[in-house]
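Residue numbers (our numbering), protein chains in the order written: chain F, -10 to 237; chain A, -10 to 237.
Heads up: the structure comes next, in structure tokens.
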DNA sequence: TCCGAACCTGTAAGAACTGACAGTTATTTC
DNA sequence: GAAATAACTGTCAGTTCTTACAGGTTCGGA
């Protein structure tokens, strides 16, 4: 297969500044590599329990409708795989055992009705629970085609990271998530111990300062995080990555 | 370049059940692909502010000592890149501008003294803040070599995910992190609203149950999470991914 | 039919947190 | 030298959490 346009796709992804452009690049590369269509899907957490879902796809209209209608998102093995893995998945290796096995088999059978006979899923994860996947499908499941898919996996995987990078860049520009405030050392320390369940008094003992001072720092941290109690502060700080282990 | 052994490496990674075996596979593939050495590094968060660091490497002894001694982990641009990106980095594209530019230049210069003339970094992220990278270096930085590195990136990237997968599998077997408990729907709901800063009474209003019942559920959740107050429960639940947005 | 799991509710005392009062000290920056 | 920032400390009233007491209902599986 011809991978010579690989660098061009990467450049196109890096230049893209709208979802439509990303769609175009994905479509082009899927076509060039001989695939029948693609689907890029990402979930970008915006708050604790909410996430923005971005879908960029050239899947057949009928299949997308069916998928919606039957709520196949709860069955789709490519999504499960992406959640639990970092490695590529070729669809011929999907397992039909387990309690959802029958549902999955039906799902895959229905997919073939719309031309998705074979394909692969390339997971991409980024920090803080962001997850994305690039699916490509082929309208044949011959041995030769399976082999072709297999050999294009490395390139697809790499392109998937660039696709994801550009989506993140574009979405971030539009500012879905609020920026994290800058905490002082003490504020971070106090928050961290709070997250470990310590009381103000205990934290004071740990840090060698008075209980009142701990309250002071936590109050300041709370103001910066725009919250009104410690439970909320802990949740915010963690999900903003403010308490994450530092390098080294 | 010859990528025909690609599937063999993958199989070896999947079969490996010790860090030493992973070392061997990485060494083999780096050698086969013409690289002078490799470094796989991962940070697997174990608790809120702590992470296990796993390093598997064939870097020159002298360079590793120097790196330790000078605490280059704070300077190393491959680590910064891995933290902030999902895409591969070829070392010739490292930027020397910015406030740490001079330090980074010195770092890279010293690296060349030990034979690291060119190379690439392949980031791998998995859920819950886990991050890893595969570095490979070459003892020449000729144009031809740069080209060679570039063309092997897709394969390296894919192999990096398999390397990371096997490390995760091995480490998980040895149980660094405790398993997440199963929460009931109500427990999860109450915890979620608690993480949003709501009081018991408020949560009762939201869920249409009494304040006492909310306390009851939070108590049970706390017991399962093995914590003694809500701040700790919120922290635990979030960092275990129990409150993460469901696929819907 | 009995059991466990999930869900629901009440009272009450003491511990912990929150918010508003009112400050001090040291360091850095303009 | 003034201003800003980080760190530090105290009291007090009111709110919320924690723990321990003692129950009840519903539903599905053994």
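Every residue, glycine too, gets a C-beta built ideally from N, C-alpha and C.
- Under the rule that a run must span 3 or more residues, the beta strand (DSSP E) segments found entirely inside the stretch 107 to 134 of chain A read 107 to 115 and 119 to 127.
- The alpha helix (DSSP H) runs lying completely inside the stretch 10 to 77 of chain A and spanning 4 residues or more are 50 to 58 and 66 to 73, given in chain order.
- Annotated as proximal: residue 181 (chain F) and residue 232 (chain F), with beta-carbon spacing under 9 Å.
- A residue is called buried when at least 16 other Cβ atoms come within 10 angstroms of its Cβ; residue 115 (chain A) meets this threshold and is buried.
- Taken atom to atom, the span from the alpha-carbon of residue 145 (chain A) to that of residue 124 (chain A) is near 9 Å.
- Sequence-ordered contacts of the stretch 212 to 230 of chain F with chain A read 216, 217, 218, 219, 220, 221, 223, 224, 227 and 228 [C-beta pairs closer than 7 Å].
- Counting only the Cα atoms, residue 32 (chain A) lies some 31 Å from residue 179 (chain A).
- Listed in chain order, the non-local C-beta contacts of residue 135 (chain A) below 8 Å within the same chain comprise 79, 81 and 107, local neighbours out to five positions each way being set aside.
- For residue 202 (chain A), the enclosing alpha helix (DSSP H) has its first and last residue at 200 to 214.
- Your pair residue 18 (chain A) and residue 77 (chain A) does not check out as a contact, with CB atoms roughly 16 Å apart and the cut at 8 Å.
- Proximity of residue 32 (chain F) to chain A, defined by a Cβ-Cβ separation below 9 Å, is satisfied.
- DSSP, reduced to helix, strand and coil, places residue 188 (chain A) outside both helices and strands of the structure shown, so it counts as coil.
- Residue -5 (chain A) counts as buried, since no fewer than 16 other beta carbons sit within 10 angstroms of its beta carbon.
- Within the model, the alpha-carbon separation for residue 168 (chain A) versus residue 223 (chain A) is close to 16 Å.
- Relative to the Cα of residue 43 (chain F), the nearest Cα in the group F:186, F:193 and F:153 belongs to F:153.
- The beta-carbon separation of residue 203 (chain A) and residue 189 (chain A), rounded to 4 Å, stays under the 8 Å limit for a contact.
- Residue 235 (chain A) is classed as exposed because its beta carbon has fewer than 16 other beta carbons within 10 Å across all chains shown.
- Residues of the stretch 51 to 75 of chain F that bring their beta carbon within less than 9 Å of a beta carbon in chain A comprise 60, 62, 63, 65, 68, 69, 72, 73, 74 and 75, in sequence order.
- Comparing alpha-carbon positions, the option among A:209, A:191, A:205 and A:177 lying closest to residue 229 (chain A) turns out to be A:177.
- Per DSSP, the unbroken alpha helix (DSSP H) holding residue 97 (chain A) starts and ends at 90 to 102.
- At the C-beta level, residue 149 (chain A) and residue 121 (chain A) come within 9 Å of one another.
- One Cα belongs to residue 207 (chain A), the other to residue 219 (chain A), and the distance between them is close to 8 Å.
- Taking a beta-carbon distance threshold of 9 Å, residue 7 (chain A) does not count as an interface residue toward chain F.
- Within 8 Å of the CB of residue 154 (chain F), the CB atoms of chain A belong to 74, 75 and 76, in sequence order along the chain.
- Nearest in C-alpha terms to residue 64 (chain F), of all of F:89, F:-7 and F:40, is F:89.
- Just measuring C-alpha positions, the residue of A:95, A:130 and A:98 sitting nearest residue 109 (chain A) is A:130.
- Taking 9 Å as the CB threshold, residue 116 (chain A) lines the interface with chain F.
- According to the DSSP assignment, residue 227 (chain A) belongs to the alpha helix (DSSP H) that extends over 219 to 228.
- Counting only residues of its own chain and dropping the five nearest sequence neighbours on each side, residue 226 (chain A) has a CB closer than 6 Å to the CB of 180 and 232.
- One finds nothing in chain F with a Cβ atom closer than 9 Å to the Cβ of residue -9 (chain A); even the nearest lies about 13 Å away.
- The C-beta of residue 48 (chain F) comes no closer than 9 Å to any C-beta of chain A.
- Annotated three-state conformation of residue 79 (chain F) is strand, per DSSP.
- Taking CB atoms only, residue 185 (chain A) has a neighbour in chain F less than 9 Å away.
- Counting along the chain, the unbroken alpha helix (DSSP H) around residue -4 (chain A) starts and ends at -5 to 4.
- Setting aside the 5 residues that flank it on each side, residue 51 (chain A) is surrounded in the same chain by 103, each with a C-beta closer than 8 Å to its C-beta; the list follows chain order.
- Selection F:34, F:47, F:39 and F:7 evaluated against residue 25 (chain F) yields F:47 as nearest (Cα-Cα).
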